[in-house]
Each structure stands twice: as C-alpha cells, then as structure tokens.
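Engineer: Residues in the sequence shown are numbered from 1 upward in steps of one, following the UniProt record's numbering.
Idealized CB from N, CA, C, for every residue including glycine.
Since the structure is predicted, the reported quantities are computational estimates derived from the model, not experimental observations.
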Amino acid sequence: MMRLTSNNIWVFIAVVAMGVVSLVTLLTFTRQIDQSQHRQVQGHLQQLYRLDAAMDQSLGLVQHGMLTHYDSFVQYSLEINQILKALDPAQARSGLSRSDEMVSLYQGLLKSWQEKLWLVERFKSDQAVLRNSLRYFPQALMEITEQLDHNKPELTGFDANQARVMSRQLTLLLRLTLVSNNRGPEQDLWALGQSQELILTLLEQHQGTLVQQVRNLMEHGALIHKFQMKVNRWSQDAVAQPTERQLDRLAESYYAAFEGDLRRADQLRLWMYLLTLVLIGVGMLVARKVMLLRLAHAQQEALVAQRTTELRRELLERRKAEERFRSVAESAGDAILAVDRHGRISFWNRSATTIFGYEYAQVKGRSLEMLVPEHQQSFYQHILQASLKADALLKPREVQTLEAQRADGTIFPVEASLASWKTGGKRFFTLVIRDITERKAMEDRLHATLNSLDAKVAERTSELQSRMDELNRTRDQLVSSEKMASIGRLAAGVAHEINTPIGIAVGAASQNRETTNRILAMLEQEEVDEESLVEELKSLDKLAHLISNSMEKAAKLIRVMRRFTHISTDWQLEPLDMESALLEIVDPLRPMFDQQHVVLQIKVEQALQVMSRKDLVQEIFSDLLNNTLVHAFPQPGGGEVKIVISYVEGEVLLNYQDDGIGMDEVVQQQMFEPFFTTAHPEGRYGLGLYFLQTLVQGQLQGRVLCQSGTGEGVRFEICWPCERVLVQP
1 MMRLTSNNIW VFIAVVAMGV VSLVTLLTFT RQIDQSQHRQ VQGHLQQLYR LDAAMDQSLG
61 LVQHGMLTHY DSFVQYSLEI NQILKALDPA QARSGLSRSD EMVSLYQGLL KSWQEKLWLV
121 ERFKSDQAVL RNSLRYFPQA LMEITEQLDH NKPELTGFDA NQARVMSRQL TLLLRLTLVS
181 NNRGPEQDLW ALGQSQELIL TLLEQHQGTL VQQVRNLMEH GALIHKFQMK VNRWSQDAVA
241 QPTERQLDRL AESYYAAFEG DLRRADQLRL WMYLLTLVLI GVGMLVARKV MLLRLAHAQQ
301 EALVAQRTTE LRRELLERRK AEERFRSVAE SAGDAILAVD RHGRISFWNR SATTIFGYEY
361 AQVKGRSLEM LVPEHQQSFY QHILQASLKA DALLKPREVQ TLEAQRADGT IFPVEASLAS
421 WKTGGKRFFT LVIRDITERK AMEDRLHATL NSLDAKVAER TSELQSRMDE LNRTRDQLVS
481 SEKMASIGRL AAGVAHEINT PIGIAVGAAS QNRETTNRIL AMLEQEEVDE ESLVEELKSL
541 DKLAHLISNS MEKAAKLIRV MRRFTHISTD WQLEPLDMES ALLEIVDPLR PMFDQQHVVL
601 QIKVEQALQV MSRKDLVQEI FSDLLNNTLV HAFPQPGGGE VKIVISYVEG EVLLNYQDDG
661 IGMDEVVQQQ MFEPFFTTAH PEGRYGLGLY FLQTLVQGQL QGRVLCQSGT GEGVRFEICW
721 PCERVLVQP
C-alpha cells in the first residue's frame with residue numbers, strides 16, 4: 001500500500017509538472033494570440049480609415065461633378081461591412097473588455113456608416129441617369145458646336161454671327177452644366193438660366209434638326225443639373241456623417257481596451273509565472289518529501305525484511321533446536337521424560353521405551369507412578385509436591401540414585417535428575433533417567449578386581465625377583481670371564497638399565513595401591529561421582545600399563561644379555577663359507593635397505609672358507625648392518641653400503657663402509673661403550689658396537705678400527721686370525 005501511494009504521488013508530481021509546462025506554454029501562446037488579435041484589430045481600423053477616406057474622396061469627386069462608377073461604392077460597402085462585423089465587440093474574444101462606451105461607440109459608428117451607405121443607395125438610380133446624360137450631353141454638344149463652328153447655314157440655319165453666339169452659349173452651357181464655378185449653387189443656377197434664355201431666344205427664330213438637337217441638349221443639361229443637385233446634396237450628407245470622428249473614438253476605445261486586456265493578461269501571466277514557480281517549489285518539496293518517504297519506506301521495508309529474516313531465522317533455529325532436541329532426545333542413551341504438574345507423562349523418547357519396555361502410546365497421559373516401585377511411591381509424591389512449591393528435593397543438575405520398575409515388573413537401579421520449566425503459565429518437569437544396572441555390575445566386578453590386585457602385584461614382584469636372580473647369575477658369569485673390566489662396566493650399565501624400569505614399576509605399584517584405596521573409599525560412599533571414578537580407573541589402567549611396560553623392558557634387556565652369555569659360553573670352530581654366512585644375514589634385511597633406497601655392494605674373495613665360529617661372524621655382520629639401518633640414514637634419500645671380505649696373511653679382513661651422516665669425535669670416543677646410543681628414545685640399548693668389539697677382540701682375538709667424520713660416512717676395518725680351508729676344485 002505504501003508503494004502504491006508513493007507511485008501515485010510521483011504520478012501526481014508528473015501531472016503537475018506537465019500542467020505547469022502546459023500552462024506556461026498556453027500563457028505564452030495566449031500572449032502571442034492577444035498581440036496577433038491586437039494587430040488584426042489595428043489593421044481593421046487602419047483599413048476602415050482607408051476605406052472611409054476613399055469613399056469620402058469618391059463622394060467629393062461626385063460633388064465636383066466627377067463621374068464615379070457605382071461599383072466602387074458597392075465594393076467599399078462590402079469591405080466596410082466585413083470590417084465592421086470583425087470590429088463588433090460581441091464578436092471579439094472573451095478576454096476583451098466590452099465596456100458600454102465601446103458598445104455605444106460601435107453602435108454610433110455602425111449607424112453613421114449605415115446612414116452613409118443608405119445615402120449612397122439613394123442616388124444609385126439618379127446617378128445612373130446622370131451618368132448616361134453626362135456621357136451623351138458633352139458628345140452631342142461637341143457635335144453641334146462643331147457644326148456651328150464650320151458655319152454651314154444650309155445645315156444649321158444660322159448665320160455666322162448667330163452661329164458664333166450659339167457656339168459660345170452652348171460652350172458656356174456645357175461648362176455650367178458639367179463644371180461648377182465654386183460661386184455657389186444659386187449663382188450656378190442663375191448663370192445657367194441666363195444661358196438657357198439666350199439660347200432659347202436664338203432658337204425661336206429658327207427651325208430645323210439642329211434646333212431640335214439643341215432643345216434636346218438643353219433638356220439633358222437641365223436633367224443633369226437637377227440630378228447633379230440631388231447627388232451633390234446626398235454626397236454632402238454622406239460626407240457630413242461623423243464616421244471618421246466616431247472611428248477615432250472607437251479606435252481609442254479599442255486600443256485602450258486591448259491595452260488594458262494586455263496589461264491584465266500580463267499581470268495574470270506574472271501571477272501564473274509566480275504560481276508556476278511556487279508549484280515548482282512545492283513540487284520539489286513534495287519530491288524531496290517523497291524521496292524522504294521512499295527512503296524511510298525503503299529503510300522500514302529493509303528493517304521489516306531484516307526483522308522478517310531474523311524471525312524466520314529464529315523460527316528456523318527454533319525448529320532446528322526442536323529437531324535437534326528431539327533428535328538428541330531420541331538418540332540419547334538416557335530416558336528423557338516430560339511430565340506436567342500432576343505427574344502425567346507428555347513426552348517419552350526411544351531410550352525410555354528401551355529402558356522401561358513401554359511404548360509412548362501406552363504411557364501418554366498416564367501418571368509417572370506406574371514407573372515407580374511401591375516402596376518408593378511416598379518418596380515420589382514428596383518430590384512432586386516439593387517441586388510444585390519451587391522447593392524441589394532434586395535441584396537442577398543434582399542426580400539422585402533411585403529405583404524404577406519396568407513393564408515386566410523388574411526393579412532396577414537408576415540415576416534421575418529433575419528440571420522444571422514453564423510455558424503458557426503452566427509448570428512442567430523434565431526427568432532424565434539413566435539405567436545404571438551395568439555400572440552397578442561393573443562396580444561389583446571392580447571390587448573383585450581390586451581384591452585380586454594385591455595378588456597380581458605380588459605375583460609380578462616375584463616374577464621380577466626371579467628375573468633379577470637370573471640377571472645376577474648372568475652378571476656372575478660375565479664377571480668370571482677374561483674381560484673383567486669390560487664386564488664390570490657392562491654389569492654397571494645393566495644394573496642401571498634394569499634398575500630404571502624396576503624403579504618405575506615399584507613406584508607405579510605404590511601409586512597403584514593408593515589409587516586402589518581411593519577407589520575403594522569412593523565405592524564405600526553412598527553417592528559415587530561417576531566422573532571421578534572413571535578418572536581413577538583410567539589412572540589405575542595407566543599405572544598397570546606402566547608396570548607392564550617397565551617389566552617388559554627389563555625382561556627384554558635380560559634376554560639380550562642372555563643371548564650375549566650364550567654366545568660367550570657355547571662355541572666351537574667349524575669350516576665357514578664367508579659369502580654364504582654374509583648372505584644369510586643380508587637377505588632378510590634387503591627389504592629394509594630397499595625401503596631406505598640404500599644400495600648394497602658386496603664383494604667376497606672367491607671360494608673363501610675359513611675355520612671360525614659362524615655364530616660370532618654372523619653376529620658381527622648383523623650388528624654392522626643394523627647400526628647402518630638405525631644411524632647412518634635418518635633422512636630419506638638413499639645411500640650406499642660397501643662390504644669387502646678378503647683373506648690376507650692368515651687373517652680375514654672385513655672392510656665395511658657407508659656414505660651416511662657419519663659420527664663426530666664425541667660419538668667416536670664413546671661408540672664402543674656399553675649402553676651408549678644416539679637413539680635411546682627409540683628403544684635402543686646401545687650394546688651393538690659394544691658386543692661387536694667384545695666378540696672381535698675377546699672371542700676372535702682380532703681388531704676393530706673405525707674412521708668417520710660428520711657427513712663423511714663410516715668405515716670399519718675388522719680382522720681376526722683364522723685358518724683358511726682349501727677348497728678342492
């Protein structure tokens with residue numbers, strides 16, 4: 001609706017603007033029309049002046065005896081009537097001021113012109129007769145005068161003297177008849193009478209055709225004189241009509257009226273221009289107001305749209321929240337129930353169906369008492385009444401351990417939390433019920449586990465003690481060997497390496513006992529904090545893993561030492577093919593070298609067999625190769641290992657070389673010490689090179705040399721004395 005009103009306002013402004021433009025155009029056009037009509041009236045007046053002067057001039061000629069054709073008067077009359085009709089105030093445009101004076105002047109002018117035209121009409125017939133006489137009289141008189149001038153008595157009947165007198169009198173008659181002597185009508189009539197009497201006197205003495213012609217001529221002269229007098233009198237009366245004076249007054253009245261009209265029209269145009277400016281200003285104000293209204297409307301629409309979007313978003317979020325709540329409620333592992341103030345069930349999720357065995361249709365609108373055992377009915381009523389008084393026994397987030405009853409009558413332990421809320425002025429309650437049957441069973445099993453934990457700790461301690469005894473026996477055997485100093489260092493290292501996991505295991509066992517005591521204390525309480533119990537159980541599990549890992553580490557070290565003891569005590573010489581012995585160790589390790597992109601180059605002297613101990617030689621090969629895999633190539637990118645075996649001067653010479661990262665001086669000084677390693681965090685004990693040196697120098701009576709540098713790789717040169725076995729070709 002607001003948009004429609006705004007559009008209508010814009011249409012109104014457009015119409016007003018078009019009206020203003022049309023009005024300004026109309027005012028300009030009407031001014032041009034006024035000026036054109038003023039010029040037209042002015043032209044009519046000037047033409048009327050001209051026609052009046054022309055008619056007066058023609059009438060003047062008539063007064064002086066001049067013949068004027070009547071058609072000119074008719075033409076003048078028609079033009080004058082048309083002009084007078086055009087000048088009629090009643091025919092003027094509505095804007096002309098038609099005053100009584102103007103109408104009176106126009107009526108007077110019209111009357112004068114009608115009188116003048118009527119006088120002209122009066123002498124129409126007389127002027128026709130006069131015109132004919134005037135045409136005949138001069139011609140006939142000239143013919144008679146010519147005859148008299150030629151003086152033919154046989155024709156004229158006059159003698160010469162009479163002929164001259166008659167000729168002069170006829171000429172005088174012609175002059176008096178046609179031309180006035182400006183002495184007045186009376187003098188003209190007297191002179192004409194004297195001339196006629198003299199002519200008649202001359203004619204009395206003669207007879208004949210000429211005499212009759214002269215008499216006819218005199219009658220025409222008398223007729224001309226008679227009609228000339230009438231025409232002169234009527235023309236004088238016509239000329240005497242005050243048409244020019246009245247025309248002047250009417251022209252002045254017209255001019256004054258038109259000037260007044262133009263002045264008033266100019267004032268009206270001025271006011272209209274001012275009104276136009278006012279309308280333009282008002283239109284601009286209205287347009288500005290409309291723009292402000294449209295802007296405000298747009299802002300309101302934007303706000304409404306924004307609010308609508310927000311409401312839709314809120315509604316969508318609420319729906320999503322309801323869907324999430326319903327989804328969470330339906331997917332929750334706990335039973336979620338909603339009841340009213342009377343304890344009637346209004347919501348029931350899937351877990352509630354699973355836990356209690358009732359479908360929602362079976363419990364909808366029924367009392368919550370159906371889920372409570374008989375011996376807890378009073379407690380349930382107490383909770384409900386206290387909740388209605390806003391003094392609930394179960395506070396929000398407070399969990400109470402209760403008992404519930406399934407559809408089959410089974411009573412089982414539950415944890416329940418209560419929350420109240422209002423909607424529409426009504427109070428509702430939400431119950432979250434968790435089935436803790438399995439947890440109760442787990443607690444029972446935990447009690448049994450804790451009771452047997454001491455026995456397990458004692459058993460592990462006994463096992464550890466037996467391994468310590470075995471380790472001590474191993475250490476005694478090592479001490480009794482030839483390398484007492486080395487064995488002493490080894491024993492110290494072994495003791496340190498074994499005491500570390502054993503100490504950790506003992507500490508963990510002590511901590512395990514404390515944790516067990518805390519768990520037992522928690523279980524003896526009436527209310528168990530499940531989260532704390534779970535954390536203590538997790539801690540107990542971590543301690544058990546720590547004890548197990550420590551014992552496994554000590555056992556692994558013992559197994560390593562047992563392998564060394566077995567190598568040291570059980571030995572015998574045998575023919576040994578060096579290439580075969582080496583390949584038996586290399587082949588299982590090739591995939592690991594290929595994975596690190598390390599190329600093995602092996603060169604063994606052909607048919608090299610010696611009398612030596614296979615187990616010791618293969619242990620040397622294994623230690624060298626494993627040391628390369630662990631330390632030489634920590635970064636992927638590949639490398640190369642060269643193994644060259646030869647027999648020189650009664651000794652087997654083993655050259656082992658790689659192009660790995662090498663060793664600095666500090667590492668070279670300690671690399672043959674037991675339990676020294678640069679990869680200790682990776683579970684290495686640092687016994688590989690120590691065993692290698694012990695085997696070569698102690699068992700094989702040989703030598704070990706090492707050359708290395710940072711980034712230069714490692715080169716081992718190992719040799720030991722032995723007899724070569726000759727192979728038959």
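1) Can you give, in chain order, each stretch of the beta strand (DSSP E) that sits fully within the region 403–476 and has at least 3 residues?
2) Throw me the rounded Cβ distance for the Leu705 and Glu717 pair, which I believe falls under 8 Å.
3) Suppose the cutoff is 7 Å on Cβ atoms and the five residues either side in sequence are ignored; what does the same chain contact list for Gln405 look like?
4) Should Arg613 be labelled buried (16 or more other beta-carbon atoms within 10 Å of its own) or exposed?
5) Once DSSP output is grouped into helix, strand and coil, what is the label at Lys642?
6) Helix, strand or coil: how does DSSP classify Leu653 here?
7) Taking the straight line between their C-alpha atoms, what separation do you get for Arg245 and Tyr49?
8) DSSP on Ile83, reduced to helix/strand/coil?
9) Using only the alpha-carbon positions, how far apart do Phe347 and Ala335 sit?
10) Out of Glu330, Val363 and Gly365, which has the shortest C-alpha to C-alpha gap to Ser351?
11) Tell me whether Leu274 sits in a helix, a strand or coil according to DSSP, three-state version.
12) Applying the criterion that 16 or more other CB atoms from any shown protein chain within 10 Å of the CB defines a buried residue, is Tyr360 buried or exposed?
13) If the criterion is Cβ atoms closer than 8 Å, does the pair Cys722 and Leu653 meet it?
14) To the nearest angstrom, report how far apart Tyr656 and Glu536 are at their CA atoms.
15) Quick one: Cα of Arg439 to Cα of Glu531, how far?
16) Contact between the region 337–347 and the region 302–316 is defined here as three or more beta-carbon pairs at a separation below 8 Å; is this criterion met?
17) Just the Cα atoms here: how many angstroms apart are Leu268 and Gly281?
18) Considering Cα atoms alone, identify which of Ser417, Glu403, Gly660 and Ala140 is closest to Ser378.
19) Does the region 448–463 come within contact of the region 427–435, defined as at least 3 CB pairs closer than 8 Å?
20) Count the CB pairs spanning the region 515–527 and the region 457–470 that are closer than 8 Å, and state whether there are at least three.
21) Apply the 10 Å Cβ neighbour rule to His342 and answer buried if 16 or more other Cβ atoms are within range, or exposed otherwise.
22) On a CA-only basis, which of Glu398, Val648 and Glu619 is nearest Val604? Give me that one, please.
23) Just mark Met18 as buried or exposed, buried being the case when its beta carbon has 16 or more other beta carbons within 10 Å.
24) On the CB-based measure, 16 or more other CB atoms within 10 Å of its CB, does Arg93 come out buried or exposed?
25) Return helix, strand or coil for Ile345, following the three-state DSSP convention.
26) Using only the alpha-carbon positions, how far apart do Pro634 and Met663 sit?
27) Three-state secondary structure (DSSP) at Gln376?
28) Leaving out five residues before and five after Ser539 in sequence, what residues of the same chain have Cβ atoms less than 6 Å from its Cβ?
29) Closest by CA to Ser548, which one among Ser77, Glu524 and Ala509?
30) Can you find a CB in chain B that lies within less than 8 Å of the CB of Glu146?
31) CB-CB under 8 Å to His566, same chain, minus the five flanking residues each way: which ones, in chain order?
32) Measuring straight from C-alpha to C-alpha, what distance separates Arg288 and His44?
33) Helix, strand or coil for Lys603, going by three-state DSSP, please let me know.
34) DSSP beta-bridge partners for Ile718?
35) What are the residues that DSSP puts in a beta bridge with Glu723?
36) Using DSSP with H/G/I as helix, E/B as strand and the rest coil, what is Asp529?
Structural biologist: Taking the definition as stated:
1) Counting whole runs of 3 or more residues, the region 403–476 contains the beta strand (DSSP E) stretches 411–423 and 426–435.
2) Along the sequence shown, one-based indexing puts residue 705 at 705. Along the sequence shown, one-based indexing puts residue 717 at 717. Indeed they touch by this definition, with Cβ atoms about 4 Å apart.
3) Here the question's residue 405 lines up with position 405 in the sequence shown. The answer, listed in chain order, is Leu371, Val372, Pro373 and Ile411.
4) Within the sequence shown, residue 613 is the residue found at index 613, counting from 1. Arg613 comes out buried.
5) Numbered from 1 along the sequence shown, position 642 holds the residue referred to as residue 642. In this structure, Lys642 counts as strand in the three-state DSSP scheme.
6) As a first step, residue 653 is located in the sequence shown; it is residue number 653 there, counting from the start. DSSP places Leu653 within a strand segment (E or B) once states are collapsed to three.
7) Position 245 of the sequence shown, counted from the start, is the residue given in the question as residue 245. Position 49 of the sequence shown, counted from the start, is the residue given in the question as residue 49. Going from the Cα of Arg245 to the Cα of Tyr49 covers about 10 Å.
8) In the sequence shown, residue 83 corresponds to position 83, counting from 1. Looking at Ile83 - three-state DSSP - the assignment turns out to be helix.
9) As a working mapping, residue 347 is identified with position 347 in the sequence shown. As a working mapping, residue 335 is identified with position 335 in the sequence shown. Phe347 and Ala335 have their C-alpha atoms some 10 Å from each other.
10) Working through the sequence shown from its first residue, we reach residue 351 at position 351. Here the closest residue by C-alpha is Glu330.
11) For the purposes of this step, residue 274 is taken as the residue at position 274 of the sequence shown. Correct three-state label for Leu274: helix.
12) For the purposes of this step, residue 360 is taken as residue 360 along the sequence shown, with counting starting at 1. Tyr360 should be labelled exposed.
13) Position 722 of the sequence shown, counting from 1, holds the residue named residue 722. Position 653 of the sequence shown, counting from 1, holds the residue named residue 653. No; because the gap between Cβ atoms is not below 8 Å, this pair is not in contact.
14) Position 656 of the sequence shown, counted from the start, is the residue given in the question as residue 656. Position 536 of the sequence shown, counted from the start, is the residue given in the question as residue 536. A direct Cα-to-Cα measurement between Tyr656 and Glu536 gives close to 54 Å.
15) For the purposes of this step, residue 439 is identified with residue 439 of the sequence shown, where counting begins at 1. For the purposes of this step, residue 531 is identified with residue 531 of the sequence shown, where counting begins at 1. Arg439 and Glu531: Cα-Cα distance of roughly 12 Å.
16) Short answer: they don't touch.
17) The residue labelled residue 268 in the question sits at position 268 within the sequence shown. The residue labelled residue 281 in the question sits at position 281 within the sequence shown. CA-CA distance, Leu268 to Gly281, rounds to 19 Å.
18) Here residue 378 corresponds to residue number 378 of the sequence shown, with the count starting at 1. In this structure, Glu403 is the residue among Ser417, Glu403, Gly660 and Ala140 with its C-alpha nearest to the C-alpha of Ser378.
19) No, they do not touch.
20) Flag = no, the region 515–527 and the region 457–470 do not touch.
21) Taking the first residue of the sequence shown as position 1, residue 342 is located at position 342. Burial call: exposed.
22) Mapped onto the sequence shown, residue 604 falls at position 604. Of Glu398, Val648 and Glu619, the residue nearest in Cα terms is Val648.
23) For the purposes of this step, residue 18 is taken as the residue at position 18 of the sequence shown. Classification of Met18: exposed, given that the 10 Å Cβ count is below 16.
24) Position 93 of the sequence shown, counted from the first residue, corresponds to residue 93. A caution first: Arg93 carries a pLDDT of 47, below 50, which makes its placement in the model unreliable, though a value can still be read off. Counting Cβ neighbours within 10 Å, Arg93 comes out exposed, since fewer than 16 surround it.
25) Counted from its first residue, the sequence shown places residue 345 at position 345. Correct three-state label for Ile345: strand.
26) Within the sequence shown, residue 634 is the residue found at index 634, counting from 1. Within the sequence shown, residue 663 is the residue found at index 663, counting from 1. Rounded to the nearest angstrom, the two C-alpha atoms are 13 Å apart.
27) Working through the sequence shown from its first residue, we reach residue 376 at position 376. In the structure shown, Gln376 sits in a helix (DSSP, three-state: H, G or I).
28) Taking the sequence shown and counting its residues from 1, the one referred to as residue 539 is at position 539. Hits under 6 Å: Thr515.
29) Sequence index remark: in the sequence shown, residue 548 carries index 548 (1-based). For the set Ser77, Glu524 and Ala509, the Cα lying nearest the Cα of Ser548 is the one of Ala509.
30) The chain labelled as chain B is not found in the depicted structure, where only one protein chain is given.
31) Along the sequence shown, one-based indexing puts residue 566 at 566. No answer about His566 holds up, because its pLDDT of 48 lies below 50 and its placement is not dependable.
32) For the purposes of this step, residue 288 is identified with residue 288 of the sequence shown, where counting begins at 1. For the purposes of this step, residue 44 is identified with residue 44 of the sequence shown, where counting begins at 1. Distance from the CA atom of Arg288 to the CA atom of His44, rounded to whole angstroms, is 53 Å.
33) What you label residue 603 is simply residue 603 of the sequence shown in a count that begins at 1. Under the three-state reduction of DSSP output, Lys603 falls in the strand class.
34) Sequence index remark: in the sequence shown, residue 718 carries index 718 (1-based). Note: Ile718 sits in a beta bridge opposite Leu654 and Val704.
35) Here residue 723 corresponds to residue number 723 of the sequence shown, with the count starting at 1. Looking at the DSSP assignment, Glu723 forms a beta bridge with Met611.
36) For the purposes of this step, residue 529 is taken as the residue at position 529 of the sequence shown. Secondary structure of Asp529 (DSSP, three-state): coil.
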